[in-house]
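Have a look at the structure below before the remarks.
Protein chains in written order, with full-length UniProt numbering: chain Y, 1 to 392; chain P, 1 to 392; chain G, 1 to 392; chain B, 1 to 392.
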């Protein structure tokens, strides 16, 4: 697929979330969530890219999430100083390109929201942060660019404007739900602003489960139609069920980030998601946090009739469970069929736990004192104040 | 740790389950569950070993689960023919040794239950299958041997007898619960028989969650004490909650193997498991299916006070959530403490699903027609009969 | 309380639902839900009235729900023929008055939606049905009138117009949720129309749980304020939790009407409801299906500070569990306090059941063939067609 | 049915629990749970008896639960002083006989465990308490006698010995589960001791749900068979699901007694219970706390084929939901069939609540200081100590 493929409306399968997958594998620290593994443990990043490629991804995103200089230097995380922003971004590009060449995937350079914006730095300063990453992407000649994980459309627009300077195609996704961005801008309006700023693909990523994300993209689609603005649609939701979360998504859930296991979606949930996304007219279909290679494979398997082929990793997977016909136990072989897995309501095995949680709703966003970027680690005193606040 | 370490009663941390982890990564087929990835994709197997090593494993098990000749040649899976049993086992040894040398881990060669036994082949034939694997382990000079995943103590004893011929230390675990083996032999009696056959470490692996597994090891311990037989204890349970399963464990649960996500245990569940296991006197503490590297890290972190050090992967992990003090959002920073995670009751996000399931209970075991090894794929007609049986 | 009390804004406590309570006691048939027990078993109706009075009800509603002539003569229920509409209504008035005199309660004559309306009969015919009941209420000199359980505001307005002919105060409640009536009229607009038709008290009853009902009354309040129309507010919700039901309320839930037990609200849920209702400005606070005498007592206990007294039945009940200080077992005595009960998350004891259900949504309402009133019983053929429809 | 009927092995349907039902109706105080309503509000007691009779009960138990003198005078409850033990018991007999005469039911005088026993009073003193109640039963000429709700078989045996002095048939039930009585005597042994003391019917009542109760009666049956002792079997379980409770039953559950609503069993649960009880050979089948008249009717409907008739209250109830064929809404009419209700997994409507709870397990029983009978109310100081104990 040449970069133009993104425009012609073919199905493009994205990849899954790197920070969550690599956290579980031992290479990313939950909290800062920064991608210095590209320098420290390239073999681990390379292997994950390879697994997504094998699973059917047409796009490998450079592992540059939260790799802006200000985020690499926040609250006691000194990656910028120890390694440097440039090296982290460069290594990410090299690894992605290396693996992409093993198949026929595109490499997309990605930027995401910055502490600078949340700390009320001005437009020029925020843009400078994106430009620093873009310089690397241009030097390494990525195929296209993605601005992703933005809670405020204003910052997302700034990012798109910077990325657009490159002349390369730009995709833009926000981590919002049907209620819109943190300033209350509805999804439809966000989409229109992003396209007007230069994005040719728009949609959502992260923060919400597949169902809620599709609902949001649907609102974007309607907003674009109403404004008579054209763009391709994209969705990269969580692989966690989040029916109970509020405006700010899964980070508000009490289970975030170390107790989300019971919410992990099955491959069958993802096949249903892929079909729904396709039917809604979305053509860039991928995932975010929680998506493992087998979830991406589920997208590729569901859309195999439309794409005309199965991904490489399907050599080790039968459609809708049919490899179970090779199982030793007869009652497991009896599960080798679509009807069985399609209708299963999987139990949590946790009778002492509820099925939904009340999300935190601190109502804190851009400009709030507690959101300010700070170089030094959170102090004991600062933590104590937060613990107090949590309780009452 | 020299192999003798296993005897002196130091804490030995095992690794996690390979077939489930590599199935999700795209390299193992659910159904046959055979380990030909050692030949086909050594980089994937190597990376998983490395992650467990980084997470704190003292032992790397060769990825030779279900690598007996008869299992590699069953129901349409033709690995023995295409690759050969010897090559799969050799590659597994090479990869494990290569990664073990990156740290100071031991390599353990593993054998598991055979279709031959279930098909009522005689003792000599079953033993021959184990011996074929053992020959490779000896040639590759593994540090010690594990007989694991046995449903019948009779077969496990045969395996131990074969492995013992090598003169190397032997550990033996069965995939049983408190009800005992499939022939009704209680756990305590199983343990005694295994030690008498030559095992110096006994315990359980797979099929049940940490709580039930510890209950079973406790029964083994009591059986050994009553018989005045000495051995070290070992537990490698599932990383799935299975309070609802019956005698045959999680393969009976309707969610097996493609809908188990909501049952996945958290790292905090594992810290509690590691502590309980230690307090029970178990010194070889690891995991089986569902265990990812971060679960093994949780064992290593829980037992860091006893062991005196943290694993390498803890560079990217704060104890009991304290790396969250570096999170951008204040309400997530407020979760940076043990009390929070220790008491969390994580929601499933699945309000339309139950918390427990009724397991299948077909009552089929050794000798049943449907369990017989067969070279050719399960036929359509055979499947139809099973679907019928499932319904009524 | 004189009838005027209803206007002055004092707190008026309603009673609970008769059809569900008497169904469980053996005097009402689920399906037709008609009140012929007033004639057949007056002692049972009398006792239930008495229990509500003791629990704190200021109003006893005549048990005339679904006592219009057309409903008493529907689908094989021949009450009109066997007993007569007039006798059922008269007996209901006599019993309510008799018990009301044991305390100082008001008697309210009630009418509810008719099969005639659903069968598209014209305004005159529908009004005639209400007038027939009103004649009895006037003869028996009830204190005021209630039009309740209307799914269509058009019919509710007709009912209010008829009742208003009496010169007595009229309250009107609809069984709708935030989405409005079955024709899509929003709650605020329904409220305005009802007041303009002559109701001095408006609100909702039945079909939804306390939370959703209060949300609906809030919308009514806002509609009235926006239209600068004055009225008192009233709520008589279900005593079942129904977070999962759609526009048509609990009758769509698969558990209706014989599997609702796990949804029954506790007395503590009701105390929270009463407080929230009061804070919202609602002054006529009662209940509908599922409300048992102890639920009404919970309203009276919660509002005792405002009302200045406790109901008679509180002789046998301590506030927020304090009578447990008299329990034999010490751990139960330890539960004798508000903090305990206020925060309890009661378990269902049903690990194989989900927490929410998907409601039926047949989209059938006024005018649909299957809703037509018919004198004769539903035929086998008609039932078969419905069973078919349910499955697919 | 003459009293001898109890011996001949016909089906005898018991009644339901009075204290829970009348607590909800406003006549019994949770905590002391004493039956002074027989004097204070005979009409309420009479009506409940009548409803059970209508529902199919063959036996009306006098409402004399906890009506021993020492229990009527405990922890600030001064019924003995204000009314007198004798009057409460006499009124109970009169009411039961009056209602029994409306049908053909038997009247059974009942005694239950005493504070005196828990306070370690001697055999003579405890027996004196039972004899005081028995004197009334003899004077009022009840048809037979029941010793029920005993946690210690020793006390139950004493009760049976006293009741047997009357020459009337004696039934004896304990509120125990499969683990046996509070002193660890297993169910089978309890049953044998009770029969040897003179009981001709033995079984369990209260404390556990139908499933667990039947499991316990099964153990009793096996104990009797092993000891070659003959007796009829009886079960009167809770109408609450309690899969999660320990040895002491539902009083240990955190929901006891004011948050048990989500555990209430449906009529269909009871039909399954009645069938299972019958198949197990139990012939005296009734209920205890939580059983409302419609639950008893469900027993009578399930066993109608064996008994040859339906209870009176079935005039207002169709078998397995068939009265729903008269419902206005077509999708509810579609539920008019056994298959629908038999398979329904009813949702709790409580997504924030778990499905099981951890019971309190204070391990306090006979002889413990906190269980001592005391005339005066529990003091503030005593309560504070308990609250402390609950927390830690």
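Backbone N, C-alpha and C fix where the C-beta goes; we use that ideal spot for every residue, glycine too. Note that the structure is a prediction, hence the values are computed from the model and not measured.
Contact list for the segment 346 to 370 of chain Y against chain G, Cβ threshold 9 Å: 347, 351, 352, 354, 355 and 356
Do residue 155 of chain G and residue 198 of chain G have their CB atoms nearer than 9 Å? What you label residue 155 of chain G is simply residue 155 of the third chain in a count that begins at 1. What you label residue 198 of chain G is simply residue 198 of the third chain in a count that begins at 1. In this structure, residue 155 of chain G sits away from residue 198 of chain G, with a CB-CB distance that is not shorter than 9 Å.
Simplified DSSP assignment, three categories, for residue 315 of chain Y: Counting from 1 along the first chain, the entry for residue 315 of chain Y is found at position 315. Helix at residue 315 of chain Y.
Which of the three DSSP states, helix, strand or coil, is assigned to residue 172 of chain B? On the fourth chain, residue 172 of chain B is found 172 positions in, with the first residue counted as 1. Three-state result, residue 172 of chain B: strand.
Is it right to say residue 281 of chain Y is buried, meaning 16 or more other beta carbons lie within 10 angstroms of its own, or is it exposed? For the purposes of this step, residue 281 of chain Y is taken as residue 281 along the first chain, with counting starting at 1. That one is exposed.
Please identify the residue among P:286, P:383, P:59 and P:257 whose C-alpha is closest to the C-alpha of residue 109 of chain P. Here residue 109 of chain P is taken as the residue at index 109 of the second chain, counted from 1. Minimum Cα distance to residue 109 of chain P is reached at P:59.
Does DSSP put residue 1 of chain G in a helix, in a strand, or in coil? Locating residue 1 of chain G in the third chain gives position 1, where the first residue counts as 1. Confidence in residue 1 of chain G is poor, its pLDDT being 47 and thus under 50, which makes the residue's placement too unreliable to answer from.
Any contact of the segment 339 to 355 of chain Y with the segment 238 to 255 of chain P, i.e. 3+ C-beta pairs under 8 Å? yes
Measuring alpha carbon to alpha carbon, tell me which residue in B:95, B:43, B:128 and B:272 is nearest residue 64 of chain B. Numbered from 1 along the fourth chain, position 64 holds the residue referred to as residue 64 of chain B. Per the Cα distances, B:95.
Report the CB separation of residue 275 of chain B from residue 386 of chain G in whole angstroms; it is logged as a contact under 8 Å. For the purposes of this step, residue 275 of chain B is identified with residue 275 of the fourth chain, where counting begins at 1. For the purposes of this step, residue 386 of chain G is identified with residue 386 of the third chain, where counting begins at 1. Incorrect: roughly 27 Å between the Cβ atoms, too far for contact.
How would you write the range of the alpha helix (DSSP H) that residue 126 of chain P sits in, first residue to last? What you label residue 126 of chain P is simply residue 126 of the second chain in a count that begins at 1. 123 to 139 is the span of the alpha helix (DSSP H), which, as asked, contains residue 126 of chain P.
Tell me, to the nearest whole angstrom, how far the beta carbon of residue 142 of chain P is from that of residue 107 of chain P; I am working on the premise that it is less than 8 Å. Within the second chain, numbered from 1, the residue matching residue 142 of chain P stands at position 142. Within the second chain, numbered from 1, the residue matching residue 107 of chain P stands at position 107. The Cβ separation is near 5 Å, so the contact holds.
Is there at least one Cβ from chain Y nearer than 9 Å to residue 244 of chain B's Cβ? Stepping through the fourth chain from its first residue, residue 244 of chain B is reached at position 244. Chain Y, which has a Cβ nearer than 9 Å to the Cβ of residue 244 of chain B, makes this yes.
Taking Cβ-Cβ distances shorter than 8 Å, what residues in chain G pair up with residue 393 of chain B? The structure shown does not extend to residue 393 of chain B, since chain B spans only 1 to 392, so no value can be given for it.
Mark residue 305 of chain G as exposed unless 16 or more other C-beta atoms lie within 10 angstroms of its C-beta, in which case mark it buried. In the third chain, counting from the first residue as 1, residue 305 of chain G sits at position 305. Burial is judged here by how many other beta carbons sit within 10 angstroms of a residue's own beta carbon; residue 305 of chain G has fewer than 16 and is exposed.
Beta-carbon neighbours of residue 294 of chain P, restricted to chain Y and to distances below 9 Å: Within the second chain, numbered from 1, the residue matching residue 294 of chain P stands at position 294. Residues of chain Y passing the Cβ test: 23, 24, 25 and 26.
Neighbouring residues, chain B, relative to residue 115 of chain G (Cβ below 7 Å): For the purposes of this step, residue 115 of chain G is taken as the residue at position 115 of the third chain. Result: 328.
Might you give, ordered along the chain, the residues of its own chain that have their beta carbon closer than 7 Å to the beta carbon of residue 113 of chain B, omitting 5 neighbours on each side? For the purposes of this step, residue 113 of chain B is taken as residue 113 along the fourth chain, with counting starting at 1. Closer than 7 Å at Cβ, skipping near neighbours: 149, 150, 151 and 155.
Compute the beta-carbon to beta-carbon distance between residue 55 of chain P and residue 297 of chain P, rounded to the nearest angstrom, for a pair I have assumed lies under 8 Å. Numbered from 1 along the second chain, position 55 holds the residue referred to as residue 55 of chain P. Numbered from 1 along the second chain, position 297 holds the residue referred to as residue 297 of chain P. Between residue 297 of chain P and residue 55 of chain P the Cβ distance is about 4 Å, and since that is below 8 Å, they are a contact.
Buried or exposed by the 16-neighbour rule on C-beta atoms within 10 Å, applied to residue 205 of chain P: Working through the second chain from its first residue, we reach residue 205 of chain P at position 205. Classification for residue 205 of chain P: buried.
For a test of the three-state rule: what should DSSP assign to residue 148 of chain Y, helix, strand or coil? Reading the first chain from its first residue, position 148 is the one you call residue 148 of chain Y. Strand at residue 148 of chain Y.
Hey, residue 19 of chain Y and residue 289 of chain Y are a contact pair by Cβ (cut 8 Å); roughly how many whole angstroms apart? The residue given as residue 19 of chain Y occupies position 19 in the first chain. The residue given as residue 289 of chain Y occupies position 289 in the first chain. Going by Cβ atoms, the distance from residue 19 of chain Y to residue 289 of chain Y rounds to 7 Å, so yes, they are a contact pair.
Can you name the residues of chain B whose CB is closer than 8 Å to the CB of residue 43 of chain G? The count along the third chain starts at 1 and reaches residue 43 of chain G at position 43. Within chain B, the residues near residue 43 of chain G are 47 and 50.
Measure from the alpha carbon of residue 293 of chain B to the alpha carbon of each residue in B:239, B:171 and B:329, then state which is nearest. For the purposes of this step, residue 293 of chain B is taken as residue 293 along the fourth chain, with counting starting at 1. Checked all of B:239, B:171 and B:329; the closest Cα to residue 293 of chain B is B:239.
Beta-carbon separation of residue 146 of chain G and residue 170 of chain G under 9 Å? Within the third chain, residue 146 of chain G is the residue found at index 146, counting from 1. Within the third chain, residue 170 of chain G is the residue found at index 170, counting from 1. Yes, they are a contact pair.
Measure the alpha-carbon distance for residue 287 of chain Y versus residue 13 of chain P and round it to whole angstroms. The residue given as residue 287 of chain Y occupies position 287 in the first chain. The residue given as residue 13 of chain P occupies position 13 in the second chain. Each residue's alpha carbon lies about 34 Å from the other.
Beta-carbon proximity check, residue 253 of chain G vs residue 355 of chain G, cutoff 9 Å: Taking the first residue of the third chain as position 1, residue 253 of chain G is located at position 253. Taking the first residue of the third chain as position 1, residue 355 of chain G is located at position 355. Cβ distance not < 9 Å, so residue 253 of chain G and residue 355 of chain G don't count as in contact.
Within chain G, the residues that residue 323 of chain B reaches when beta carbons sit closer than 9 Å: On the fourth chain, position 323 is the one that residue 323 of chain B refers to. Ordered by position in chain G, the residues that pass the 9 Å Cβ test against residue 323 of chain B are 29, 30, 31 and 32.
Residue nearest to residue 359 of chain B in terms of C-alpha spacing, selected from B:340, B:379, B:256 and B:315: Within the fourth chain, residue 359 of chain B is the residue found at index 359, counting from 1. For residue 359 of chain B, the nearest C-alpha among the options comes from B:256.
For residue 264 of chain Y, return the contacting residues in chain P, with the cut-off set at a CB-CB distance below 8 Å. Translated into positions along the first chain, residue 264 of chain Y becomes position 264. Result: 261, 262 and 264.
What are the boundary residues of the beta strand (DSSP E) that includes residue 232 of chain Y? Reading the first chain from its first residue, position 232 is the one you call residue 232 of chain Y. Looking at the DSSP string, the run of the beta strand (DSSP E) that includes residue 232 of chain Y is 232 to 236.
Residue range of the alpha helix (DSSP H) that residue 56 of chain P falls in? Position 56 of the second chain, counted from the first residue, corresponds to residue 56 of chain P. From DSSP, residue 56 of chain P is part of no alpha helix (DSSP H); its letter is neither H nor E.
Please return the same chain residues whose Cβ sits closer than 7 Å to the Cβ of residue 234 of chain G, not counting the five positions on each side in sequence. The sequence position of residue 234 of chain G within the third chain is 234, counting from 1. Within the same chain, residue 234 of chain G has close Cβ partners 171, 173, 201, 202, 203, 282 and 284.
Under the criterion of a Cβ to heavy atom distance below 8 Å, does residue 188 of chain P qualify as lining the ligand ZN? Among the ligands in the structure shown, none appear at all, so the ligand ZN cannot be discussed.
Measuring straight from C-alpha to C-alpha, what distance separates residue 1 of chain Y and residue 232 of chain P? For this step, residue 1 of chain Y is matched to residue 1 along the first chain. For this step, residue 232 of chain P is matched to residue 232 along the second chain. Confidence at residue 1 of chain Y is low in this model, with a pLDDT of 47, below 50, so its placement is unreliable and the value that follows should be read with caution. Answer to the nearest angstrom: the Cα atoms are 57 Å apart.
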